[in-house]
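One rule links them: number in the numbering used here = place in the sequence shown (from 1) + 12. Below is one structure, written out as structure tokens; the observations come after it.
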Amino acid sequence: MVDHVRQQIRDRIVSNVTGLTTTGNRVFKSRVYPLNADTMPALLVYSTTEDSDIDVMGFPGVLNRIVNVAIEGYVRNITVYDNLIDDICQEVEVVMANDPTINGLAKNSFLSGTEISYTGEGDQPIGVVTMNYVVQYRTATNAPSAAL
């Protein structure tokens, strides 16, 4: 069985952001992976919400879909969190801008916002950046595994 287009989009984004200078191969497809000193700096890629509306009625109909994909960067145990977070953002933004159709799976994608936070709750302080991407794609109502 072919994966839902939403999963194909996430998988392609993971592929696109793997191997960046700052985060290397430390890219994970979910929020549930525990991160530690050995796995940071790292990226997590996951979808948060999806909205859809009917574009073509009948059977099969066509849905316009908008999925929100979060790309989170984590840094730990450094003195200048802001600089490393900005490095991560720059690398991710360039890669994402160079593939706005996510290898033809989407009609368009763009950065809709960036959130930066810091926490000292662990054994060492952690800086987190969340880059929120809007990805617009289409599928038939009866074929969510095939992008139109």
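Heads up, the beta-carbon is just placed ideally off N, CA and C, and yes, glycines get one too. Bear in mind the structure is a predicted one, so any value in this text is a computation, not a measurement.
I believe residue i touches residue j by the beta-carbon criterion, under 8 Å. Please report the beta-carbon distance rounded to the nearest angstrom.
i	j	result
Ile-83	Leu-75	Incorrect: roughly 24 Å between the Cβ atoms, too far for contact.
Thr-34	Ile-100	5 Å
Thr-131	Val-141	Between Val-141 and Thr-131 the Cβ distance is about 13 Å, and since that is not below 8 Å, they are no contact.
Ala-159	Val-17	5 Å
Tyr-58	Arg-43	5 Å
Met-52	Arg-88	4 Å
Val-14	Val-79	Contact flag wrong, Cβ pair sits at about 17 Å.
Assuming contact is defined by CB atoms lying nearer than 9 Å, are residue i and residue j in contact in what I supplied?
i	j	result
Val-39	Met-108	no
Tyr-145	Ser-124	yes
Val-104	Ile-21	no
Ala-54	Gly-85	yes
Asp-63	Lys-41	no
CA-CA distance, residue i and residue j?
i	j	result
Asn-120	Pro-156	17 Å
Ala-49	Gln-136	9 Å
Leu-96	Tyr-149	32 Å
Leu-32	Ala-118	23 Å
Val-68	Ala-152	9 Å
Pro-112	Val-106	10 Å
Gln-19	Gly-70	26 Å
Thr-61	Ile-114	18 Å
Leu-56	Asp-98	16 Å
How far does the beta strand (DSSP E) with residue i in it reach, from first residue to last?
i	result
Asn-9	The structure shown does not extend to residue 9, since the chain spans only 13 to 160, so no value can be given for it.
Asn-120	120–131
- Inside the stretch 21–97 only - beta strand (DSSP E) runs reaching at least 3 residues: 54–68, 74–88
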